[in-house]
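Trainee: Below is the structure I would like to discuss, written out as structure tokens.
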Amino acid sequence: MRKNKALLIVDVQNDFCPTGALAVPEGDKVVSPINRYIKIFQKKKIPVFATRDWHPVRTRHFKDFGGVWPVHCVQNTPGAAFHPKLKLPKGTVLLYKGMDPQKDAYSAFQAEDATGTKLQKLLSLLGVKELYVAGLATDYCVRSSALDALKQGFKVKILTDAVKGVNLKAQDSEKAIKVMVRRGAKKITLKNMQRKG
Ligand code: VGL
Ligand code: ZN
Numbered sequence: 014m015r016k017n018k019a020l021l022i023v024d025v026q027n028d029f030c031p032t033g034a035l036a037v038p039e040g041d042k043v044v045s046p047i048n049r050y051i052k053i054f055q056k057k058k059i060p061v062f063a064t065r066d067w068h069p070v071r072t073r074h075f076k077d078f079g080g081v082w083p084v085h086c087v088q089n090t091p092g093a094a095f096h097p098k099l100k101l102p103k104g105t106v107l108l109y110k111g112m113d114p115q116k117d118a119y120s121a122f123q124a125e126d127a128t129g130t131k132l133q134k135l136l137s138l139l140g141v142k143e144l145y146v147a148g149l150a151t152d153y154c155v156r157s158s159a160l161d162a163l164k165q166g167f168k169v170k171i172l173t174d175a176v177k178g179v180n181l182k183a184q185d186s187e188k189a190i191k192v193m194v195r196r197g198a199k200k201i202t203l204k205n206m207q208r209k210g
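Quick note on the numbering used here: the sequence shown kicks off at 14 and runs consecutively.
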């Protein structure tokens, strides 16, 4: 049992899935691999963190108020809820981000739990040194979370079969993965996880 690891599930919310307000193409396809990762990590008693994009009705993040995005993931709306098939285990640490009406916040390191404690603090309390990152979107929140993690000295594994990107430009996700790897992240899939056991 290695307690210095954690699984970070980023923004697997209805609005980022097909038919959602800011649909990531095939965003819902991350759900079943993530559920499989969750099972593997649960067995090893590795803690699970799950972020939600959690916006107020008015924020500069939205097009209507000067930003680039359509209205999405408004606090306490169905669009902001986790995908209904995502099986978060008991004890998952829930994190919220994007609450500041003045600022964009893509990174999980800008997220906090219900008591206002930031991810970094929560991870250091648990002695976590290595993050396994999955979720949406590869080219925004996943990218930004992974790069922040690397900057702060965490080892990072990108679960490449459990992320999907927005791809405003066609190659954005591919590029995002390249940048994460260049800065020190490693790619991993269910197949090579299971091989290692
Ligand atoms: C995200 C765009 C806008 C994300 C959040 O979670 O990747 N992308 N807000
Ligand atoms: Zn957002």
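Ideal Cβ positions, reconstructed from N, Cα and C, are used throughout, including at glycine.
Remember, predicted model here, so these are calculated numbers, not experimental data.
In its own chain, which residues sit with a C-beta less than 6 Å from the C-beta of G197, not counting the 5 before and 5 after it?
Mentor: Only L163 meet the Cβ criterion.
Trainee: Can you tell me whether I201 is helix, strand or coil according to DSSP?
Mentor: The answer is strand: DSSP assigns I201 an E or B state.
Trainee: Using a Cβ-Cβ cutoff of less than 7 Å, which residues in the same chain neighbour T32 once the five nearest sequence positions on both sides are dropped?
Mentor: Here the set comprises nothing.
Trainee: If you measure between the beta carbons of K110 and D66, is that distance less than 8 Å?
Mentor: Closer than 8 Å, so yes.
Trainee: Could you tell me if D174 is buried or exposed, where buried requires 16 or more neighbouring beta carbons within 10 angstroms of its beta carbon?
Mentor: Result: buried.
Trainee: Name all residues in chain order for which at least one heavy atom of ligand 1 lies closer than 7 Å to the residue's CB.
Mentor: Listed by chain position, these are V23, D24, F29, L35, D66, H74, W82, H85, C86, G111, Y119, L149, A150, Y153, C154, V155 and V179.
Trainee: Does D66 come out as helix, strand or coil in the three-state DSSP assignment?
Mentor: If DSSP states are grouped into helix, strand and coil, D66 belongs with the strands.
Trainee: If you draw a straight line from the alpha carbon of L172 to that of I53, how long is it in whole angstroms?
Mentor: Straight-line Cα distance between these residues: approximately 13 Å.
Trainee: Considering only C-alpha positions, which residue in the set V141, T72 and Q123 is nearest to V169?
Mentor: The candidate whose alpha carbon is nearest that of V169 is V141.
Trainee: Taking the alpha-carbon positions, what's the L132 to A121 distance?
Mentor: Their Cα atoms are separated by approximately 7 Å.
Trainee: Rounded to the nearest angstrom, how far is the Cβ of H85 from that of L35, given a contact under 8 Å?
Mentor: Indeed, because the Cβ distance is near 4 Å, the residues count as touching under 8 Å.
Trainee: In its own chain, which residues sit with a C-beta less than 8 Å from the C-beta of M14, not counting the 5 before and 5 after it?
Mentor: At M14, the pLDDT of 45 sits below 50, so the modelled position is not reliable and the matter cannot be decided from this model.
Trainee: Mind checking who F75 pairs with in its DSSP beta bridge?
Mentor: Answer is W82.
Trainee: Following the continuous alpha helix (DSSP H) through L139, name the residue where it begins and the one where it ends.
Mentor: From DSSP, the alpha helix (DSSP H) with L139 extends over L132 to L139.
Trainee: Roughly how many whole angstroms lie between the Cα atoms of K199 and R49?
Mentor: Their Cα atoms are separated by approximately 19 Å.
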